[in-house]
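Remarks on the structure that follows.
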Amino acid sequence: MKDSIINITETYHENGVLITAFQRTVKRIFDLLVVLLLLPPTFVVMAIIIILIRIDSPGPIFFFQKRLGENRKPFKIYKFRTMVENAESLRHLVETHDEEGNFIHKTPDDPRITRIGRLLRKTHLDELPQLLNILKGDMSLVGPRPEVFDLLKYYEEWQYQRFSVPQGLTGWWQINGNDETPIYMCVEDDLYYIEHYSLWFDLTILVQTIYLVCKRFVKNIFKL
40 MKDSIINITE
50 TYHENGVLIT
60 AFQRTVKRIF
70 DLLVVLLLLP
80 PTFVVMAIII
90 ILIRIDSPGP
100 IFFFQKRLGE
110 NRKPFKIYKF
120 RTMVENAESL
130 RHLVETHDEE
140 GNFIHKTPDD
150 PRITRIGRLL
160 RKTHLDELPQ
170 LLNILKGDMS
180 LVGPRPEVFD
190 LLKYYEEWQY
200 QRFSVPQGLT
210 GWWQINGNDE
220 TPIYMCVEDD
230 LYYIEHYSLW
240 FDLTILVQTI
250 YLVCKRFVKN
260 IFKL
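For any residue, its number in our numbering is found by taking its place in the sequence shown, counting from 1, and adding 39.
The structure is reproduced here in structure tokens:
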């Protein structure tokens with residue numbers, strides 16, 4: 040594992056960040072066109088989700104959190120609320136590590152998650168409000184996920200390279216990993232994305248994401 044990390048970082052340093060100014064412009068135009076195309080059907084889905092959240096548990100519809108964007112610039116990310124109220128104050132109770140002591144992003148059976156929230160998380164539909172973040176320029180459709188401030192304490196120096204590009208709604212790790220993937224393996228996938236960036240790669244990840252969301256929704260809708 041250590042050798043693979045060294046190879047990735049060495050390749051990264053040799054090639055530098057491969058997203059040029061022109062590619063960034065094309066990426067931004069692509070983001071805006073896709074989001075504007077998705078907004079009409081997305082509004083219908085979001086309206087249904089809002090009703091379900093309101094029926095399922097007390098509390099606000101939306102969840103706002105400070106995240107780290109490109110170059111570690113902080114911004115407010117938008118999500119549908121999937122947990123009980125004051126869940127952030129209880130996070131320390133559910134942080135987990137693998138057998139080697141590496142931090143894992145999420146606990147599979149987090150008791151703070153509501154019934155509807157569990158469906159939204161498994162299908163990633165809780166991320167839909169981030170289309171507004173993309174319109175504002177906080178994020179891109181595809182890229183490394185915006186990181187939580189508290190998780191920076193687990194980062195090694197080489198892992199900060201993931202912040203050199205726009206952070207995304209979905210990414211290479213999201214379609215290849217799972218909630219039990221250690222943070223260092225997630226960052227390896229993020230660096231792979233940066234190294235191999237192209238508009239076609241973005242489109243491929245986006246199509247696979249839509250397929251996985253639909254597949255997970257059908258699989259989990261009857262488990263409510």
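Heads up, the beta-carbon is just placed ideally off N, CA and C, and yes, glycines get one too.
Remember, it's a predicted structure, so these values are computed and weren't measured experimentally.
If you draw a straight line from the Cα of residue 167 to the Cα of residue 197, it is about 30 Å long. In this chain, residue 120 is not harboured by any alpha helix (DSSP H), its DSSP state being neither H nor E. For residue 195, DSSP records no beta bridge to any residue.
Taking residue 94 as reference, the option from 188, 180, 120 with the minimal CA-CA separation is 120.
For residue 110, the closest alpha carbon among the candidates 183, 222, 149 is that of 183. Residue 209 has 181 as its beta-bridge partners, per DSSP.
Just so you know, the alpha carbons of residue 91 and residue 256 end up roughly 15 Å apart. Distances from the alpha-carbon of residue 252 to those of 85, 152, 162 put 162 closest. Taking each of 215, 186, 117 in turn and checking the Cα distance to residue 231, the smallest one comes out for 215.
Exposed is the label assigned to residue 125, since fewer than 16 other Cβ atoms lie within 10 Å of its Cβ. Secondary structure note for residue 107: its beta strand (DSSP E) is the uninterrupted segment 101-107. The beta-carbon distance between residue 112 and residue 188, rounded to whole angstroms, is 12 Å. This is too long to meet the 8 Å contact definition.
In the DSSP annotation of this structure, the continuous segment of the alpha helix (DSSP H) that includes residue 154 starts and ends at 154-162. Straight across, the Cα-Cα distance linking residue 193 with residue 246 is about 31 Å. Straight across, the Cα-Cα distance linking residue 155 with residue 181 is about 26 Å. By the criterion of a C-beta distance shorter than 8 Å, residue 65 is surrounded in its chain by 238, once the five residues flanking it on both sides are discounted.
With contacts defined by Cβ atoms closer than 8 Å, residue 78 and residue 159 do not form a contacting pair. The three-state reading of DSSP puts residue 227 in helix, counting H, G and I together.
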